[in-house]
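For the sequence shown, counting from 1, position 247 maps to 401 in the numbering used here; every step adds exactly one. Positions of the beta carbon are idealized from the N, C-alpha and C atoms, including for glycine.
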Amino acid sequence: MTPTTSPEATRLAQDEVLTGEAVALDVQPTGMVLRAVGAVIDILVSVALIVGALFIITGPLAGLLPMGTQQMTIVVTLVLVLVVVPTVVETTTRGRSLGRLAVGTRIVRADGGAAGFRQALIRALVGVLEIYFSFGVVAVLSGAFTPRSQRLGDLLAGTYSQRTRVAPLPPPLPPAPPVLAEWASVVDVARMPDRLSRRLAQFLAQSARLAPAARERIAAELCHEVAAYVSPMPGTDALTTLLGVAAVRRDREFRALEAQERRMRQLAPVLERVPPGFPQR
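As structure tokens, this is what we get:
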């Protein structure tokens, strides 16, 4: 048996990473605005540390240190604050910093794993150029033209910023109303567009918080749109009809996914016996 694959079946989405077990994970890269806010917080902390250190070096210690020692101390302070401290913090906290904790992000490898010392060091060294020497212009331009808003240091280190705070999943929709049990076994909802299905699910999730008049009006409008893709339509009120349509579509999609998973488990032993390099069509 020759396994068949297609580019569409093997292509990963832009916001997915492939683990070592060949499992595609849906992740949420951080946008430019959120990354900028976190970076500004980190930059302000670094500037505060540098200003405080310079104040001590040029103030209380000015009379105790020779001029050459003062200059060397300033250089060492800059290296510590701009390179060493960010590297140590990012390595020990698994890609986090004070600014990233505030906005709910972290730095991860391109495969979704935790970033290590090498990645943190590369990002810190390149960050001195693209953030401090160029006043952030290089980082902004790089982030604007990369799919995951990666700055130059991320591209060289093989990392990107991932969101750690995501919105909670919406509560599950209730089952089809009992009055529609017989109708649910024969209705055809496969032609309903995904966009309309999402609007329907959003309305049903928020319908309990709407005023009765607004709920009835929106339900009637959605029911009119749904009627073009559902056959037959039940003779119930608009809200009950929408609850039935959403429940039937959800249950049938779930059963389709279960059937696909069973087929993949059945094919797994066959695919494992295919020798490496065997041509696939």
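Cut-off 8 Å between Cβ atoms - residues of its own chain near residue i, not counting five sequence neighbours on either side
i	result
Val194	Gly253
Leu364	Ile372
Reduced DSSP category for residue i - H, G, I as helix; E, B as strand; rest coil
i	result
Gln316	strand
Ala190	helix
Asp405	helix
Pro183	strand
Ala365	coil
Ala330	coil
Phe357	helix
Leu208	helix
Phe287	helix
Asp348	helix
Asp223	The sequence given here places Thr at residue 223; Asp does not occur at that position. In this structure, Thr223 counts as helix in the three-state DSSP scheme.
Beta-ladder partner(s) of residue i, from DSSP
i	result
Ile261	Ser315
Ala268	Val262
Ser385	Asp342
Residues near residue i by beta carbon distance below 6 Å, same chain, minus five either side
i	result
Thr394	Pro331
Thr241	Ala274, Leu275, Ala278
Val235	Ser200, Leu203, Ile204
Alpha-carbon spacing of residue i relative to residue j, whole angstroms
i	j	result
Val233	Arg248	21 Å
Asp348	Arg403	10 Å
Pro301	Leu219	50 Å
Gly206	Leu295	31 Å
Thr259	Gln225	36 Å
Glu336	Thr390	13 Å
Thr173	Ala278	No answer about Thr173 holds up, because its pLDDT of 45 lies below 50 and its placement is not dependable.
Pro329	Phe357	16 Å
Arg189	Leu421	43 Å
Gly281	Pro366	55 Å
Arg409	Leu203	58 Å
Val333	Arg417	34 Å
Gln182	Gly213	47 Å
Thr246	Ser351	44 Å
Pro423	Glu412	18 Å
Gly312	Ile197	22 Å
Ala231	Ile210	Note on residue identity: the sequence assigns Thr, not Ala, to residue 231. Straight-line Cα distance between these residues: approximately 11 Å.
Residues of its chain near residue i, where Cβ-Cβ distance is below 7 Å and the 5 sequence neighbours each way are ignored
i	result
Cys377	Ala392, Thr395, Leu396
Val257	Leu188, Val191, Gly192
Arg319	Gly258
Gly290	none
Any 3 or more C-beta pairs closer than 8 Å across the region 271 to 280 and the region 306 to 315: yes
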